[in-house]
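Visitor: Quick one: the structure is below, questions incoming.
Number of protein chains: 4
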Amino acid sequence: MSISVAVTGATGYVGGELLRMLLAHPEVEIGALTAGSSAGSRLGDHHAHLVPLADREVLETTTENLAGHDVVFLALPHGTSAPVAAELGDDVLVIDCGADFRLQSSDDWSRFYGGDHAGTWPYGLPELPGQRERLAGTRRVAGPGCFPTVSTLAIMPALPLVDDSALTIVAPTAPSGAGKKLATTFLGSEVLGQASAYGVGGTHRHTPEIEQNLRAAGAENPVVSFTPVLVPMSRGILAVVSAPAAEGVTAADVRAAYVAAYADEPFVHLLPEGQWPQTQGTLGANTVHVQATLDERAGRVVAIGAMDNLAKGTAGGAIQSMNLALGLPETTGLTTIGVAP
Amino acid sequence: MSISVAVTGATGYVGGELLRMLLAHPEVEIGALTAGSSAGSRLGDHHAHLVPLADREVLETTTENLAGHDVVFLALPHGTSAPVAAELGDDVLVIDCGADFRLQSSDDWSRFYGGDHAGTWPYGLPELPGQRERLAGTRRVAGPGCFPTVSTLAIMPALPLVDDSALTIVAPTAPSGAGKKLATTFLGSEVLGQASAYGVGGTHRHTPEIEQNLRAAGAENPVVSFTPVLVPMSRGILAVVSAPAAEGVTAADVRAAYVAAYADEPFVHLLPEGQWPQTQGTLGANTVHVQATLDERAGRVVAIGAMDNLAKGTAGGAIQSMNLALGLPETTGLTTIGVAP
Amino acid sequence: MSISVAVTGATGYVGGELLRMLLAHPEVEIGALTAGSSAGSRLGDHHAHLVPLADREVLETTTENLAGHDVVFLALPHGTSAPVAAELGDDVLVIDCGADFRLQSSDDWSRFYGGDHAGTWPYGLPELPGQRERLAGTRRVAGPGCFPTVSTLAIMPALPLVDDSALTIVAPTAPSGAGKKLATTFLGSEVLGQASAYGVGGTHRHTPEIEQNLRAAGAENPVVSFTPVLVPMSRGILAVVSAPAAEGVTAADVRAAYVAAYADEPFVHLLPEGQWPQTQGTLGANTVHVQATLDERAGRVVAIGAMDNLAKGTAGGAIQSMNLALGLPETTGLTTIGVAP
Amino acid sequence: MSISVAVTGATGYVGGELLRMLLAHPEVEIGALTAGSSAGSRLGDHHAHLVPLADREVLETTTENLAGHDVVFLALPHGTSAPVAAELGDDVLVIDCGADFRLQSSDDWSRFYGGDHAGTWPYGLPELPGQRERLAGTRRVAGPGCFPTVSTLAIMPALPLVDDSALTIVAPTAPSGAGKKLATTFLGSEVLGQASAYGVGGTHRHTPEIEQNLRAAGAENPVVSFTPVLVPMSRGILAVVSAPAAEGVTAADVRAAYVAAYADEPFVHLLPEGQWPQTQGTLGANTVHVQATLDERAGRVVAIGAMDNLAKGTAGGAIQSMNLALGLPETTGLTTIGVAP
């Protein structure tokens, strides 16, 4: 099989990561690379690491340039995917790496993003219950947010064992999650030597998406207090999730729940007891490393997930969904092996 | 006044930071610098930044070498301060930067540190209620741990407004908190590009100390779930503390509590509404930057404190206590101005 | 004495560092803080670390706002200082932290900066021969560039011992040298985990300034190959300078030259033989750490200087010149003690 | 074909990188993993990123455990490879990632390493003239040092155009080059926020190896002044190499030499004119990115190479040699695509 793939937003970090991973995919042929203001440049001007594509010209993101591909990845600013997608045929697999089609609730969209809600597409987190079936054969996928992916997978097996109405998530993260956005906050001088929280107090846009996932995973009324913290690393998220343990829950119960949940998941790696996830272990790989325990003193389950925000957190997860949508083996072209140290 | 001061453990990071700050103290004369295995070397071999002391010889930590000083700072491994302190006269002000004399509960000591509990000294966190009075004139001070200092000051004003039995603290921190300990975990290659949690599940030794502080601040039965996260920065802790808000609490209540609590505190800087603490702002300074808000969706108060773990977190806080113990103005020789970016 | 000081460009990194250091200067009263597009904001919005000035309003950079001060520091983009300076009286001490008045050669200006050369002011590197005399009483100072300061001081004592026509300088440096300029190159994601050279092949603007300094220090026809390298640290430059040793030069000659040159320099710290400069040792301090040796195999003198680009490299050096111009002791309000680790 | 491969020193950084890359090699089956003091542990305890090998037991490095493999990689401390190699049959391909067999000159060995010289094996830098032929079919390979690889490839094409007796190399590098060695110098606290030179003045052990390579590439009497600089990144070296240009050399000559030299090299990527190498572009890949120019003012050719010290710098280069020795296509299982940002 040879699947022709176009990537919009190809000069950004998500576009670059999609291309890096697609270059390793045995069934894919990389077609049009498009962008906005950097159209007309060489791809190598933006991504020195993508040597085989260095001399490719970056095209404008137009219907003509995207035509004729089997798959189109959208790596565009939030709120701009819908008009591009509308021009692509129903037989084309469109995978949006932005937020536009993730949320089921239009109220949540209005509250956290503002403006009109574009709609809801099948959600690209195959590890959610029943989600692989929903992704099989679909021609539209809403790629999940990075924090929702790692947070959901970190706590999901424990949901039956905790009070899901009092979840806290604090997640140190890399500035690459913000893309190439030019803002003082993301300058090297501001990021180096610094830890700083943002979106504090329930304002981060990934909050309702996390809760939506937890409902999909069986939580009745999940409520999340979510605080991301910017730290000086190129890639990675370490999500520290905790919730009050239900009456009578033991450490063995927690372990058993995780073992059962992830024994057969190809991209979730439950660490041996006592070993805690580290972001280096996941760098560049389509994987989440997970560990959980019971804090008996505090009566809380504490779960931690480590993930590369650009890999499993965005581009890798999108390719995983592509595989499912096209009927390929889910793991085709995706590695679980990180680059460390 | 000229106060003669000796520093043990002078070649470590805490020793170095004590000396850096004492060099800026107008009433202090720096006397003996002592250490263990590095005795006999020049101080400049260990601390290139302490130019005025570069040629000082590092002495052995003996009773003779420590004799004749008004103040002795102990920057020794946990569990080793007691015998050194026992040899120093009751008229000498001894300030222990280690953990030995911090805890009031011998059970907590045994459980978290093991071995025999050396005792309890006046606790060097002047911002606790009534603590300045306890420190005035004392000749023994137990300097607080870094996480307890920043965590306590971040959440203390909110205690009357929250359920203190369900506190969570997640705190990204610098490897300098571990001193010069040679372990793979603290190698640059392991720390760079990485976030990793440790002491997960209530096992970190600072947990009971935080709870002890919260009780001292009025909490009835504080229970803390504490997770430190190692991140790649030289110095700094960002403590993200949250707890369920009590019924009816408003954002204005939270703000008012912090304004009232910290209006007159010289070393706690409450940021204007909407500005969140960043560790860079506190680098090298004896200060904690604090902000808090109410997450109305999640029903939690979220408070954040930023601090330099070596400065206000250890050495600066110890000098602040020294000032109080000796009857000097509390702010003598201490700056609130950080080095950023 | 109370010297009133205004700072333009107060919201940038150089402005912030000037204010941090001026707050520690016992003779200075901080007056107007001005800026361009950020006029009208609070200083605390830009510099969380400058707590005592947090509530100061940032004013527009106008003649009116700058009037009535004894000293005005200009921390403006290159090429924009001249018109502001022209409006300030001859009795006002104006210290330009930009490049406009550094170069003596209009040809060099045209070649490296372009446009018209504004002129030449007394150059604010007091360690150059005879320069203290030129700075005494002046009312105009051109603050030196950061690379020229550290490179000059690293190699100056060796100039009589080397072939000055074949100097190479490679200097790892921090992104803060570029200020808050919003460009992809300076994003945290580009800087973290990366070393990258720029201005390669003799195009960096500091090249002619370094050669000008070396001529002032006695070199006959200095020619410099200069390559800066951006590395992931908040502050600091490590200048590695080398040149062919003259016939018969010994390691002892090199050492003797440095000892003689820097024995009485308050802000240049020659390390003991065998100890090499590290940038951490100079963080936040008005100092350069220097070491040199003879590579006998290669027949080159290798000299290394470590410096904080914002401190001695810009703001500290400017205040040092201010002290000289005003007849204050040169070291007033300036520290040689860095913040490490 | 299925080639069975054993890796000694499997728990170190070089061992880990060998395994990471071998897992992607289609012809290799990973056999015994051995180590010294960590024998008996799980590989996953040391390398969380190598998920498929997590449960493998680490064996002792004994002749028995290494027996029966087609290829044995030695990732051992310098000076310890010879006795292990001596026990392996002549039909086994032994690739030493240490220094023991790199140097041709016993004098150089004694001077830079001390002790007895173990001998000289075919040198694993296929890009040297005639080297592919020497590696074909060999059963012993001395893997090159990381600095020699990147420095040689950066300057090699320019050798006919420069005075090779006055080369300078300054190379910012990552601490992972030192492996997991426990020394204060390599602690995160010392590495973060810091640039520091080491091995200054011609004492670094890679100096004679670089000169040996340049002789192999045609230099008559190469003399190198080499200064490595430790900077805070996980991986990567940026080698800045310069030398006096020969009379009459033009920028076009330089460009032409590089184009000719590297047009057909699979693992050396010459960047387009004006684009300079960045270490991120090579992370995890078996590649060196190269650029060069003529500094007409200074009369020097300046060449820069970027490389991942663990990948092409050690493990990847070793596998490239393995492919040649075994008669496989040189590029088998090796990628030129880096992981960035």
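Chains as they are written, first to last, in the UniProt record's numbering: chain A, 1 to 341; chain B, 1 to 341; chain C, 1 to 341; chain D, 1 to 341. Backbone N, C-alpha and C define an ideal beta-carbon position, used for all residues, glycine too. From a predicted model like this one, the values you see are computed outputs, not experimental measurements.
#1: Does methionine 233 of chain A get closer than 8 Å to chain B when you measure Cβ to Cβ?
#2: State the Cα-Cα distance for the pair glycine 124 of chain B and alanine 315 of chain B, rounded to the nearest angstrom.
#3: Mind listing, in chain order, the continuous alpha helix (DSSP H) runs of no fewer than 4 residues lying wholly within the UniProt domain "Semialdehyde dehydrogenase NAD-binding" (4-136) of chain C?
#4: For my contact list, glycine 42 of chain C and alanine 32 of chain C are in at a C-beta cut-off of 8 Å; report their separation, rounded to the angstrom.
#5: What first and last residue would you give for the alpha helix (DSSP H) that runs through methionine 322 of chain B?
#6: Fully enclosed by the stretch 188-230 of chain B, which alpha helix (DSSP H) runs are 4 residues long or longer?
#7: Mind listing the chain D neighbours of proline 244 of chain C? Cutoff is C-beta to C-beta under 8 Å, in chain order.
#8: Indicate whether at least one CB of chain B lies closer than 8 Å to the CB of leucine 18 of chain C.
#9: What distance in whole Å lies between the Cβ atoms of histidine 49 of chain D and arginine 20 of chain D, which are believed to be in contact at a cut-off of 8 Å?
#10: One question on the structure: do glutamine 280 of chain C and proline 228 of chain C come within less than 8 Å of each other, judged by their Cβ atoms?
#11: Thinking just about the alpha-carbon of each residue, which of B/Asn286, B/Glu296 and B/Leu328 is nearest to the one in proline 317 of chain B?
#12: What whole-angstrom Cβ distance do alanine 174 of chain A and glycine 98 of chain A have, given they're in contact under 8 Å?
#13: Is the Cβ of tryptophan 121 of chain B closer than 8 Å to any Cβ of chain A?
#14: If we define contact as Cβ-Cβ less than 8 Å, is glycine 305 of chain C a contact residue for chain D?
#15: Taking the CB atoms as reference points, tell me whether residue 344 of chain A and leucine 214 of chain A lie closer together than 8 Å.
#16: If you run the structure through DSSP and keep just helix, strand and coil, what is arginine 2 of chain C?
#17: Do the stretch 175-189 of chain C and the stretch 171-186 of chain A touch if we need at least three Cβ pairs shorter than 8 Å?
#18: Taking the alpha-carbon of leucine 135 of chain C as reference, which of C/Met322, C/Thr62, C/Thr335 and C/Phe226 has the nearest alpha-carbon?
#19: Helix, strand or coil for valine 150 of chain B? Go by DSSP, reduced to three states.
#20: Please confirm if threonine 293 of chain C has its CB atom under 8 Å from at least one CB of chain D.
#21: For leucine 23 of chain B, collect the residues of the same chain with a Cβ closer than 8 Å to its Cβ; drop the 5 residues on either side in sequence, then sort them by chain order.
#22: How about the stretch 4-17 of chain D and the stretch 63-83 of chain D: do they share at least three Cβ pairs that are nearer than 8 Å?
#23: Return the Cβ separation of glycine 202 of chain D and aspartate 295 of chain C in integer angstroms, given the expectation that the two are a contact with Cβ distance under 8 Å.
#24: Do leucine 153 of chain C and valine 28 of chain C have their CB atoms nearer than 8 Å?
#25: Check whether the Cβ of valine 339 of chain B lies closer than 8 Å to any Cβ atom in chain G.
#26: Between which two residues does the beta strand (DSSP E) containing arginine 255 of chain C stretch?
#27: Can you grab the Cα-Cα spacing for the pair leucine 159 of chain B / leucine 167 of chain B, in whole Å?
#28: Could you round the C-beta distance between alanine 239 of chain B and phenylalanine 112 of chain B to whole angstroms and report it? I think they count as a contact, below 8 Å.
#29: Work out the CA separation of serine 81 of chain C and threonine 207 of chain C for me, nearest whole Å.
#30: Please confirm whether lysine 180 of chain C has its beta-carbon closer than 8 Å to some beta-carbon of chain A.
#31: Specify the secondary structure class of threonine 279 of chain D as computed by DSSP and reduced to three states.
#32: What do you reckon, are the CB atoms on valine 224 of chain B and isoleucine 169 of chain B nearer than 8 Å?
#33: Please confirm whether valine 58 of chain A and threonine 11 of chain A have their CB atoms less than 8 Å apart.
#34: Applying the criterion that 16 or more other CB atoms from any shown protein chain within 10 Å of the CB defines a buried residue, is serine 242 of chain C buried or exposed?
#35: Quick one: using the 10 Å Cβ neighbour count with 16 as the cut-off for buried, is asparagine 309 of chain C buried or exposed?
#36: Would a C-beta distance cut-off of 8 Å place glycine 36 of chain A and threonine 61 of chain A closer than the cut-off?
Guide: Reading from the atomic positions:
#1: On the first sequence, position 233 is the one that residue 233 of chain A refers to. Closer than 8 Å to some Cβ of chain B, the Cβ of methionine 233 of chain A qualifies, so yes.
#2: Working through the second sequence from its first residue, we reach residue 124 of chain B at position 124. Working through the second sequence from its first residue, we reach residue 315 of chain B at position 315. Answer to the nearest angstrom: the Cα atoms are 11 Å apart.
#3: 13-22, 63-66, 81-86, 106-112 and 131-135
#4: Counted from its first residue, the third sequence places residue 42 of chain C at position 42. Counted from its first residue, the third sequence places residue 32 of chain C at position 32. Strictly speaking, residue 42 of chain C in this sequence is arginine, with glycine absent from that position. Arginine 42 of chain C to alanine 32 of chain C, Cβ: 15 Å. No contact.
#5: Along the second sequence, read from residue 1 onward, the residue named residue 322 of chain B stands at position 322. Its alpha helix (DSSP H) spans residues 316-326.
#6: 188-191 and 206-216
#7: If you number the third sequence from 1, residue 244 of chain C lands on position 244. Residues of chain D passing the Cβ test: Ala166.
#8: For this step, residue 18 of chain C is matched to residue 18 along the third sequence. Cβ-Cβ to chain B under 8 Å: no for leucine 18 of chain C.
#9: Against the fourth sequence, residue 20 of chain D aligns to sequence position 20. Against the fourth sequence, residue 49 of chain D aligns to sequence position 49. Confirmed, about 7 Å.
#10: Mapped onto the third sequence, residue 280 of chain C falls at position 280. Mapped onto the third sequence, residue 228 of chain C falls at position 228. Their beta carbons are not under 8 Å apart, which means glutamine 280 of chain C does not touch proline 228 of chain C by this criterion.
#11: Here residue 317 of chain B refers to the residue found at position 317 when the second sequence is read from its first residue. Before going on, a small fix: residue 317 of chain B reads as glycine here, not proline. Checking every option, the nearest Cα to that of glycine 317 of chain B belongs to B/Asn286.
#12: Against the first sequence, residue 174 of chain A aligns to sequence position 174. Against the first sequence, residue 98 of chain A aligns to sequence position 98. In fact, because the Cβ distance is near 19 Å, the residues do not count as touching under 8 Å.
#13: On the second sequence, position 121 is the one that residue 121 of chain B refers to. Cβ-Cβ to chain A under 8 Å: no for tryptophan 121 of chain B.
#14: Position 305 of the third sequence, counting from 1, holds the residue named residue 305 of chain C. Closer than 8 Å: no.
#15: Since the first residue of chain A shown is 1 and the last is 341, residue 344 of chain A is not available in this structure.
#16: Your numbering for residue 2 of chain C matches position 2 in the third sequence. The displayed chain sequence assigns serine, not arginine, to residue 2 of chain C. Coil, per DSSP.
#17: yes
#18: Working through the third sequence from its first residue, we reach residue 135 of chain C at position 135. Nearest option by C-alpha distance: C/Met322.
#19: The residue labelled residue 150 of chain B in the question sits at position 150 within the second sequence. Helix at valine 150 of chain B.
#20: In the third sequence, counting from the first residue as 1, residue 293 of chain C sits at position 293. So yes, threonine 293 of chain C belongs to the interface.
#21: As a working mapping, residue 23 of chain B is identified with position 23 in the second sequence. Cβ neighbours of leucine 23 of chain B beyond the five flanking positions: Ile30, Leu50, Pro52 and Leu53.
#22: yes
#23: On the fourth sequence, residue 202 of chain D is found 202 positions in, with the first residue counted as 1. On the third sequence, residue 295 of chain C is found 295 positions in, with the first residue counted as 1. Contact holds; Cβ gap of about 4 Å.
#24: The sequence position of residue 153 of chain C within the third sequence is 153, counting from 1. The sequence position of residue 28 of chain C within the third sequence is 28, counting from 1. No, the pair does not count as a contact, with Cβ atoms beyond the cut-off.
#25: The structure shown contains no chain G; its protein chains are A, B, C and D.
#26: To locate residue 255 of chain C, count along the third sequence from 1; it is residue 255. That residue, arginine 255 of chain C, is in no beta strand (DSSP E); its alpha helix (DSSP H) goes 251-262.
#27: Residue mapping note: residue 159 of chain B aligns to position 159 of the second sequence, counting from 1. Residue mapping note: residue 167 of chain B aligns to position 167 of the second sequence, counting from 1. Roughly 10 Å separates the two Cα atoms.
#28: In the second sequence, residue 239 of chain B corresponds to position 239, counting from 1. In the second sequence, residue 112 of chain B corresponds to position 112, counting from 1. Not really, about 19 Å apart at Cβ, beyond 8 Å.
#29: Position 207 of the third sequence, counting from 1, holds the residue named residue 207 of chain C. Position 81 of the third sequence, counting from 1, holds the residue named residue 81 of chain C. In a straight line, the C-alpha of threonine 207 of chain C is about 21 Å away from that of serine 81 of chain C.
#30: Residue mapping note: residue 180 of chain C aligns to position 180 of the third sequence, counting from 1. Yes - at least one Cβ of chain A is within 8 Å of the one on lysine 180 of chain C.
#31: The residue you call residue 279 of chain D lines up with position 279 of the fourth sequence. Correct three-state label for threonine 279 of chain D: helix.
#32: Along the second sequence, read from residue 1 onward, the residue named residue 224 of chain B stands at position 224. Along the second sequence, read from residue 1 onward, the residue named residue 169 of chain B stands at position 169. Contact flag set, yes.
#33: Locating residue 58 of chain A in the first sequence gives position 58, where the first residue counts as 1. Locating residue 11 of chain A in the first sequence gives position 11, where the first residue counts as 1. Yes, they are a contact pair.
#34: Here residue 242 of chain C is taken as the residue at index 242 of the third sequence, counted from 1. Burial call: buried.
#35: Within the third sequence, numbered from 1, the residue matching residue 309 of chain C stands at position 309. With 16 or more other Cβ atoms within 10 Å, it is buried.
#36: Against the first sequence, residue 36 of chain A aligns to sequence position 36. Against the first sequence, residue 61 of chain A aligns to sequence position 61. Against a cut-off of 8 Å, the Cβ pair of threonine 61 of chain A and glycine 36 of chain A comes out as a contact.
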